[in-house]
Amino acid sequence: MTMRIERINNGIVLDHIKAGMGIHILKLFEVELLHTKIDYASYIDSPSLGMKDIIKIENLDVDPKMLMKMALLAPDITISFIRDGHVDKKVKPEVPPLVEGVINCPNPKCITQQEVYLTSRFQVAFEEDGRLRQQCLFCEHIFYS
Ligand SMILES: [Zn+2]
Numbered sequence: 015m016t017m018r019i020e021r022i023n024n025g026i027v028l029d030h031i032k033a034g035m036g037i038h039i040l041k042l043f044e045v046e047l048l049h050t051k052i053d054y055a056s057y058i059d060s061p062s063l064g065m066k067d068i069i070k071i072e073n074l075d076v077d078p079k080m081l082m083k084m085a086l087l088a089p090d091i092t093i094s095f096i097r098d099g100h101v102d103k104k105v106k107p108e109v110p111p112l113v114e115g116v117i118n119c120p121n122p123k124c125i126t127q128q129e130v131y132l133t134s135r136f137q138v139a140f141e142e143d144g145r146l147r148q149q150c151l152f153c154e155h156i157f158y159s
């Protein structure tokens, strides 16, 4: 598949997203993406990942918490910040072993779902097969990305 994504002058480019995960990355955003130009290409050939997704979003900046959320969904993700047509900086967020207050536990019976003042806490580690294992420290529910 050839790249048909347009260049952007200002915004962010999210690359090296595991194929099919791009849609989940886009779901992290809410109103920020209204009236915004988005280019989303899925299942592109990648020498390192086999297949990958790429997303370009115009006129958007992201904070460190959002970078962490994206890295939890797509551990290989790189984020390029584009200013005036040039890559201003490129980051590959590291996933720390303990993630606090960034993601919500998907277990509906978890105490963090009822007691909203609790700060979510997850132990995060890579499995041998490359999947990212995330375990809630309240209910011990485990999920993977
Ligand atoms: Zn939980």
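Just so we're aligned, residue 15 is where the sequence shown starts under the numbering used here, counting upward by one. Each residue gets a CB set at the ideal place from its N, CA and C atoms; glycine is no exception.
The residue from 34, 47, 53 with its alpha-carbon nearest to that of residue 63 is 34. About 5 Å separates the beta carbon of residue 114 from that of residue 135, a gap short enough to meet the 8 Å contact definition. DSSP places residue 34 outside both helix and strand once states are collapsed to three, so it counts as coil. In this structure, DSSP gives residue 88 a state outside helix and strand, which the three-state scheme calls coil. In this structure, the C-beta of residue 92 stays at least 7 Å away from each heavy atom of ligand 1. Taking C-beta separations shorter than 7 Å and ignoring five residues to either side along the sequence, the partners of residue 66 in its chain run 30, 31, 32, 33, 58, 60, following chain order. The continuous alpha helix (DSSP H) containing residue 125 extends over residues 125 to 128.
Taking non-hydrogen atoms of ligand 1 into account, the C-beta of residue 152 is found less than 7 Å away from one of them. Within its own chain, the residues whose Cβ lies closer than 8 Å to the Cβ of residue 145, once the five positions on either side in sequence are excluded, are 158, 159, listed in chain order.
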